[in-house]
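Enquirer: Have a look at this one.
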Amino acid sequence: MLSIEECKKHLKDVDLTDEKIGEIRDVLYSFAEDVLDKHLFSGSVSLNGHEKEDK
Amino acid sequence: MKKKINETKPIALIYCRVSSDRQAKEGHGLDSQEHRCRQHLQNIGMQADRVFRDEISGKGEYLLRPGVVELFKYLDKHPYRKFVVIFDDLSRFARDVKEHFEFKSALKNRGIDLICPNFQFSDTPEGELIETLMAAQHQYHQRNNQRQVCQKMRARLELGYWTFNSEVPGYIRKNLPDGQWILAKAEPKASIIKEALEGFASHRFDTKTDVQAFLQRKDYLAENKQKRVYLSRVDRLLERAPMYAGLIEYPDWDVDRRPGKHEAIISLKTLQQVEDKLQNKKRVRIRQDYNEDFPLRPYVACAGCGKKLTASWTRGRGGNYHPYYRCTNNSKICKYGNKSIQKEKLEMDFCELLQTLKPNEGLANLTKAILNDLYDKKHTEFKDSTKTRDREVKRLETEIEKMTQRAVNTKNEIMAERYETEASKLISQLKALTTEQPERDQFDVSFGTACEEVMEILNNPRNKWDSGSLDEKGLVIKLVFNGDPVYDKIHGFGTTDLSCAIRLFESIGATNSQDVEMGVIETWRSQIR
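Here it is, written out as structure tokens:
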């Protein structure tokens, strides 16, 4: 996972606390992982709850 | 230009090092080492100018020791002064032969002589031989000691005791009468972890992000004086699920999973559910109330009471059906209870909100960096998943062969039919498995496609919402909102529920959004490692 400092470099001149940058990083990681898993592991993302089997 | 050579008496610098807390407390402590060095200097008529100390070993890299770095800085700052470096024992100098001679050479290159009270350095071949043997002996002792410690720790693990010093959230170390220790539950963290893992297992928390939000609400890190719970902490919590189920395992030392001596926080059933959920991410999982007619139904909550809205087609007076969203709560409980919201209005409000979201270059760059960072992780997961699949394919092929042979060889028709049915089932499983995921050589292509989709959603969430599948719409919601969006029948969607990343979108504006979009997507493929 990228460090807060690395994230700051990419975000450039954004004036945010480390905590906020950490939150943004988490949202983006979580989102990116879901999309990647969908493509790489053929199924789809878990959106909520129950599994759809062969429907 | 000739260097100015100082012919005066050299200045002594003391170097001391311990590599563990135990050494620091016992006879090898830094103070004891310094004392012996000072005594020796006194005996040879010298005095110490400065002392450099290290409390870590540097793990074979002397330049990782802060005291050594400080020493070299000092030496380089005074290039024309004549120094000697004294250390208590040859074993304090370096932990192996290679490091010993590298460190010595770095000092010699600066014109520094070495002094050791219990060793006489000599540049003769015999002196070098003895020095090499001594360094090798210290290396042997160090490695042997390390091996013995590892063996003892491994034996302890095999007996079901956790042996590492690092903190395990939810547990504290409890001393045992035999001088050893065991993990014991520590409240309130143990209960919070239990609820988090059980929630993840039961789908109360569907994603890691939901667990993260739960831990945040529970002030999980209050004891650590930290406010924010990062996603990596949730990952570690899930990785430790076997330990929380009372088990011990340590694959790096070939210690298989076994019952531990510590008290479990979650049940084995919960552990199984957590592991199944983590492994089954490849499967399509979707809410039962998903419906193309009402794509927002699984997500949108009522602003009056917080309950999720429902949606349906309602028959009007003329017999025609009209689509509505509504809050099903009683009107006494919720001001919007039982009041219908036209599908068109609610979805239009939502699309208008999406329309206002424009990307920012910094955020796009960060996302790209995150995708790059995820490449290795996903590649490893992909390889592991492929290996598991290959093993399963092999097993199924063997089983199919076995069933077919039995069907051919049996003279009993009923049995033959059963074998054939079983073989058919196995063939179906095999077929599903072999078409399930991309082949190895497709990894980069699939990864690239996925990255493009990430950037597409990021750069134009509205477009993805309009054209995407229900799953893709779910991804848009996940990116845009911090949890479920809340809708007010009068005021529409607020901005308070927008995720922090999206807030950053808004605050910067859309001055160069198109440049970002095109630039990133076009260059993506060429940047895949």
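Taken in sequence, the protein lines are chains E and H.
By my numbering, the letter at position 26 of the first sequence is numbered 26, and the numbering carries on one by one without gaps.
By my numbering, the letter at position 466 of the second sequence is numbered 466, and the numbering carries on one by one without gaps.
We treat Cβ as the ideally placed atom computed from N, Cα and C, and that holds for glycine.
Only a predicted model underlies this, so the values are computations on that prediction, with no experimental measurement involved.
1. Report yes if the C-beta distance between Ile192/H and Tyr244/H is below 8 angstroms; otherwise report no.
2. Output the residue ranges of the beta strand (DSSP E) runs that lie fully inside the region 105-140 of chain H and measure 3 residues or longer, sorted by chain position.
3. Can you list, in chain order, the residues of its chain whose CB lies under 6 angstroms from that of Arg283/H, leaving out five sequence neighbours each side?
4. Assign Thr511/H to one of three DSSP states: helix, strand, or coil.
5. Are at least three pairs of beta-carbons, each pair with one atom in the region 326-334 of chain H and one in the region 296-306 of chain H, less than 8 angstroms apart?
6. If you draw a straight line from the C-alpha of Arg92/H to the C-alpha of Arg17/H, how long is it?
7. CA-CA distance, Ile477/H and Gln180/H?
8. For Leu353/H and chain E, any beta-carbon pair shorter than 8 angstroms?
9. Considering Thr314/H, what are the terminal residues of the beta strand (DSSP E) in which it resides?
10. Restricting to Cα atoms, I'd like to know which of Leu278/H, Gly319/H, Glu61/H, Gly337/H is closest to Lys307/H.
11. By alpha-carbon positions, which one of Lys377/H, Asp31/H, Thr386/H ends up nearest to Gln442/H?
12. For Leu90/H, tell me which candidate among Ile115/H, Lys82/H, Leu271/H has the shortest Cα-Cα distance.
13. Is Gly246/H buried or exposed, if buried means 16 or more other CB atoms sit within 10 Å of its CB?
14. Assign Tyr244/H to one of three DSSP states: helix, strand, or coil.
15. Please return the same chain residues whose Cβ sits closer than 7 angstroms to the Cβ of Asp349/H, not counting the five positions on each side in sequence.
16. Using the DSSP secondary-structure output, state which residues sit across from Asp276/H in a beta bridge.
17. Using 8 angstroms as the limit for Cβ to Cβ distance, is Lys20/E near chain H?
18. Which residues of chain H have a Cβ atom closer than 9 angstroms to the Cβ of Glu23/E, listed in chain order?
19. Checking contacts by CB at 8 angstroms: is Ser30/E closer than that to chain H?
20. Within 7 angstroms: the Cβ of His10/E and any heavy atom of the ligand GTP?
21. Strictly under 8 angstroms for the Cβ-Cβ distance: is Phe447/H near chain E by that measure?
22. Taking the runs of the alpha helix (DSSP H) that are 4 residues or longer, which of them lie wholly in the region 37-108 of chain H?
23. Could you work out which residues of chain B lie near Glu33/E, taking near to mean beta carbons separated by less than 7 angstroms?
24. Rounded to the nearest angstrom, how far is the Cβ of Lys343/H from that of Tyr321/H, given a contact under 8 angstroms?
25. Examine chain H for any beta-carbon lying closer than 8 angstroms to the beta-carbon of Lys38/E, and answer yes or no.
26. Mind checking which residues open and close the alpha helix (DSSP H) that includes Lys431/H?
27. Label Val516/H either buried or exposed according to how many other C-beta atoms from any shown protein chain fall within 10 Å of its C-beta, with 16 as the threshold for buried.
28. Can you pull out the residues from the region 375-399 of chain H whose beta carbon lies closer than 8 angstroms to at least one beta carbon of chain E?
29. Are three or more beta carbon pairs between the region 145-163 of chain H and the region 215-230 of chain H nearer than 8 angstroms?
30. From the beta carbon of Asp471/H, is the nearest beta carbon of chain E less than 8 angstroms away?
31. Is it the case that the Cβ atoms of Glu472/H and Lys464/H are separated by a distance below 8 angstroms?
32. Could you give the first and the last residue of the continuous beta strand (DSSP E) run that contains Val255/H?
33. For Gln180/H, which three-state DSSP category applies?
34. Buried or exposed: where does Lys174/H fall if 16 or more other Cβ atoms within 10 Å of its Cβ makes it buried?
35. Between Arg81/H and Leu64/H, what straight-line distance do the alpha-carbon atoms span, to the nearest angstrom?
36. Tell me the DSSP secondary structure of Val234/H in three-state form.
Expert: Looking at the atomic coordinates:
1. Position 192 of the second sequence, counted from the start, is the residue given in the question as residue 192/H. Position 244 of the second sequence, counted from the start, is the residue given in the question as residue 244/H. No; because the gap between Cβ atoms is not below 8 angstroms, this pair is not in contact.
2. 113-115
3. Within the second sequence, numbered from 1, the residue matching residue 283/H stands at position 283. Here the model assigns Arg283/H a pLDDT of 44, short of 50, so the residue's position is not dependable, and the following value carries that caveat. So no residue of the chain qualifies.
4. Here residue 511/H refers to the residue found at position 511 of the second sequence. Residue placement at Thr511/H is poorly supported in this model, since its pLDDT is 38, which falls under 50; the coordinates are not used for a value here.
5. yes
6. Position 92 of the second sequence, counting from 1, holds the residue named residue 92/H. Position 17 of the second sequence, counting from 1, holds the residue named residue 17/H. Distance between the alpha carbons of Arg92/H and Arg17/H is about 6 angstroms.
7. Here residue 477/H is taken as the residue at index 477 of the second sequence, counted from 1. Here residue 180/H is taken as the residue at index 180 of the second sequence, counted from 1. Near 51 angstroms, if we compare the C-alpha coordinates of Gln180/H and Ile477/H.
8. Locating residue 353/H in the second sequence gives position 353, counting from the first residue. False, the Cβ-Cβ gap to chain E never drops below 8 angstroms.
9. For the purposes of this step, residue 314/H is taken as residue 314 along the second sequence, with counting starting at 1. Segment 310-315, the beta strand (DSSP E) holding Thr314/H.
10. To locate residue 307/H, count along the second sequence from 1; it is residue 307. Among Leu278/H, Gly319/H, Glu61/H, Gly337/H, the Cα nearest to that of Lys307/H belongs to Gly337/H.
11. For the purposes of this step, residue 442/H is taken as residue 442 along the second sequence, with counting starting at 1. Nearest of Lys377/H, Asp31/H, Thr386/H to Gln442/H, Cα basis: Thr386/H.
12. Position 90 of the second sequence, counted from the first residue, corresponds to residue 90/H. Out of Ile115/H, Lys82/H, Leu271/H, Ile115/H has the C-alpha closest to the C-alpha of Leu90/H.
13. The residue labelled residue 246/H in the question sits at position 246 within the second sequence. By the neighbour-count rule (16 or more Cβ atoms within 10 Å), Gly246/H is buried.
14. For the purposes of this step, residue 244/H is taken as the residue at position 244 of the second sequence. Of the three classes helix, strand and coil, the one that applies to Tyr244/H here is helix, per DSSP.
15. Reading the second sequence from its first residue, position 349 is the one you call residue 349/H. Contacts found: Gly492, Phe493.
16. The residue given as residue 276/H occupies position 276 in the second sequence. Note: Asp276/H sits in no beta bridge, so no partner.
17. The residue you call residue 20/E lines up with position 20 of the first sequence. At least one chain H Cβ lies under 8 angstroms of Lys20/E.
18. To locate residue 23/E, count along the first sequence from 1; it is residue 23. Correct list: Arg228, Tyr230, Asn482, Ser499, Cys500, Ala501.
19. Against the first sequence, residue 30/E aligns to sequence position 30. True, the Cβ-Cβ gap to chain H drops below 8 angstroms.
20. Looking for the ligand GTP in the displayed structure turns up nothing, as the structure carries no ligands at all.
21. Here residue 447/H refers to the residue found at position 447 when the second sequence is read from its first residue. For Phe447/H, the answer is yes, since a Cβ of chain E falls inside 8 angstroms of its Cβ.
22. 66-77, 90-93, 97-108
23. Within the model displayed, chain B is absent; protein chains E and H are what it includes.
24. Taking the first residue of the second sequence as position 1, residue 343/H is located at position 343. Taking the first residue of the second sequence as position 1, residue 321/H is located at position 321. Not really, about 11 angstroms apart at Cβ, beyond 8 angstroms.
25. Position 38 of the first sequence, counted from the start, is the residue given in the question as residue 38/E. Yes, Lys38/E lies at the interface with chain H (some Cβ there is under 8 angstroms from its Cβ).
26. Along the second sequence, one-based indexing puts residue 431/H at 431. Taken as a continuous stretch (DSSP letters only), the alpha helix (DSSP H) holding Lys431/H covers 413-434.
27. As a working note, residue 516/H is residue 516 in the second sequence. Residue confidence is low: Val516/H scores 36 on pLDDT, short of 50, so the model does not pin down where it sits. Its coordinate-derived value is still stated next. So Val516/H ends up on the buried side.
28. Lys378, Glu381, Phe382, Ser385
29. no
30. Position 471 of the second sequence, counting from 1, holds the residue named residue 471/H. Closer than 8 angstroms: yes.
31. Against the second sequence, residue 472/H aligns to sequence position 472. Against the second sequence, residue 464/H aligns to sequence position 464. Going by C-beta atoms, Glu472/H is nearer than 8 angstroms to Lys464/H.
32. Translated into the one-based positions of the second sequence, residue 255/H becomes position 255. Residues 255-259.
33. Here residue 180/H refers to the residue found at position 180 of the second sequence. Coil, per DSSP.
34. Taking the second sequence and counting its residues from 1, one reaches residue 174/H at position 174. Classification for Lys174/H: exposed.
35. The residue you call residue 81/H lines up with position 81 of the second sequence. The residue you call residue 64/H lines up with position 64 of the second sequence. Approximately 25 angstroms between the Cα atoms of the pair.
36. Counting from 1 along the second sequence, the entry for residue 234/H is found at position 234. Residue state, collapsed to three classes: helix.
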